[in-house]
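Q:
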Amino acid sequence: MQDLTLVMAQLDPLVGDIPGNAARAIEAVREARIEHGADIVVFPELFLSGYPPEDLLLRPSMETRLREA
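Residue numbers (my numbering): 91 to 159.
1) Between residue 103 and the rest of its own chain, which residues show a CB-CB distance below 6 Å, the 5 nearest in sequence each way excluded?
2) Measure the alpha-carbon distance for residue 98 versus residue 154 and round it to whole angstroms.
3) What ranges does the beta strand (DSSP E) occupy inside the stretch 127-157, keeping only unbroken runs of at least 3 residues that lie completely in it?
4) Output the boundary residues of the beta strand (DSSP E) element that contains residue 96.
5) Quick one, are the C-beta atoms of residue 142 and residue 101 less than 9 Å apart?
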């Protein structure tokens, strides 16, 4: 049986900063792979949009921005 390395990323996203949060996630994946040999990296719920998104979820552009990230 092959080992599977799972890393849980504990980061603090900025609400509404989808491109910035995505960049931080990509960097966290790179670091997890290099430092820990991660096969899978898990992020907190709503990491891309930030939490709580409240009014952001009501904006039509939010879905588009999340898909693009």
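Backbone N, C-alpha and C fix where the C-beta goes; we use that ideal spot for every residue, glycine too.
This one's a predicted model, so the numbers in the text were calculated from it and none came from an experiment.
A: According to the structure data:
1) To locate residue 103, count along the sequence shown from 1; it is residue 13. Around residue 103, the same chain offers 111, 137, 140 as residues with beta carbons nearer than 6 Å, after the five sequence neighbours per side are excluded.
2) Position 8 of the sequence shown, counted from the start, is the residue given in the question as residue 98. Position 64 of the sequence shown, counted from the start, is the residue given in the question as residue 154. Their backbone Cα atoms lie some 26 Å apart in a straight line.
3) Restricting attention to beta strand (DSSP E) runs no shorter than 3 residues, the stretch 127-157 encloses them at 130-132, ordered along the chain.
4) If you number the sequence shown from 1, residue 96 lands on position 6. 96-98 is the extent of the beta strand (DSSP E) around residue 96.
5) Reading the sequence shown from its first residue, position 52 is the one you call residue 142. Reading the sequence shown from its first residue, position 11 is the one you call residue 101. Their beta carbons are not under 9 Å apart, which means residue 142 does not touch residue 101 by this criterion.
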